[in-house]
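Inspection log for the structure reproduced underneath, given as structure tokens.
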Amino acid sequence: RFTDPETGEQRRPENMPAGKYYGNKLGAKVVSRLSKHSFNDVTCGFRAYSYRALVALNLNSTHTYTQESFQIIAAKRMRIQTIPTNVVYYKGRKSRVVKSLFSYIAVSSFNILRAYRDFAPMRFFFSLGLVPFIVGAIAGGVATVNWIATGHIYPYKAFGIIGMYLISLGIFFWSLGLVSDMLVRLQGTEEKVYEDVKRLRFPRD
198 RFTDPETGEQ RRPENMPAGK YYGNKLGAKV VSRLSKHSFN DVTCGFRAYS
248 YRALVALNLN STHTYTQESF QIIAAKRMRI QTIPTNVVYY KGRKSRVVKS
298 LFSYIAVSSF NILRAYRDFA PMRFFFSLGL VPFIVGAIAG GVATVNWIAT
348 GHIYPYKAFG IIGMYLISLG IFFWSLGLVS DMLVRLQGTE EKVYEDVKRL
398 RFPRD
């Protein structure tokens, strides 16, 4: 949709809502980072799946299958081929999926966060814990320097308490990352079993 079939230039389809366009670009950026490949469209519903890809898909989203299925296939390092095509967006046409621009952005953002949490838990929780840890280290450092210089932490007692809390919060998020990473490994084993069950139930013709 976003590549001209004749020239190969990147473009925004005429009459495409801005929310859907920029929401897709954000989703494409996240999927590209997770899969370490470059994609410019991860929400288009015009798709063809191989038998292997269909067996690997285990979707949980109730909003839309497009981003989640793309994330699963990309995370499993399956080959994804994009084909430039023209899509016509009629002016004034109401989407059957996107009822509200704000709800679409909110749900898409939530799905993107879930993708980071599910496919890159260490990266997700490390980033989540890094901010409070740094702020806490700075606040605690101020109190510590004052204690070394004067023998007491007054008037930076609050800095010391807040620093200890934020550092503990950062370490807590990092611990969650380690636990989540172990759960992802277990989930990978369960999905392999689930794929074998689907192959037995739905054999290739």
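Numbering (the working numbering), first residue to last: 198 to 402. All residues carry an ideal CB built from backbone N, CA and C; glycine is no exception. Please read these numbers as outputs of a predicted model, since none were measured by experiment.
For secondary structure counted as the alpha helix (DSSP H) over 4 or more consecutive residues, the region 297-350 holds these complete runs in sequence order: 298-316 and 318-347.
According to DSSP, Q207 shares a beta bridge with T200. Cβ-Cβ distances below 6 Å link R314 to F321 in the same chain, with the five nearest sequence neighbours on each side left out; the list follows chain order.
In the structure shown, the three-state DSSP call for Y248 is helix. For K288, the secondary structure class from DSSP, reduced to helix, strand or coil, is coil. Short of 7 Å from the beta carbon of P318, and not among the five residues preceding or following it, lie these beta carbons of its own chain, in chain order: G374, S377, D378 and V381. Counting C-beta pairs with one atom in each stretch, the region 358-365 and the region 384-402 have fewer than three that are closer than 8 Å, which means they do not touch. Counted as a single uninterrupted DSSP element, the alpha helix (DSSP H) harbouring L363 occupies residues K354 to R398. Within 10 angstroms of the beta-carbon of D402 lie fewer than 16 other beta-carbons, which makes it exposed. In this structure, DSSP gives V239 a state outside helix and strand, which the three-state scheme calls coil. Shortest Cα-Cα distance from E203 to any of N283, R311 and Y351 involves N283. A271 and W344 have their C-alpha atoms spaced approximately 52 Å apart. Across the structure, R244 and F199 are spaced so that their CA atoms are roughly 15 Å apart.
Taken through DSSP and simplified to helix, strand or coil, L223 comes out as helix.
DSSP, reduced to helix, strand and coil, places Q268 within a helical segment of the structure shown.
With respect to the C-alpha of W371, the residue from E265, T279, F323 and G205 having the closest C-alpha is F323.
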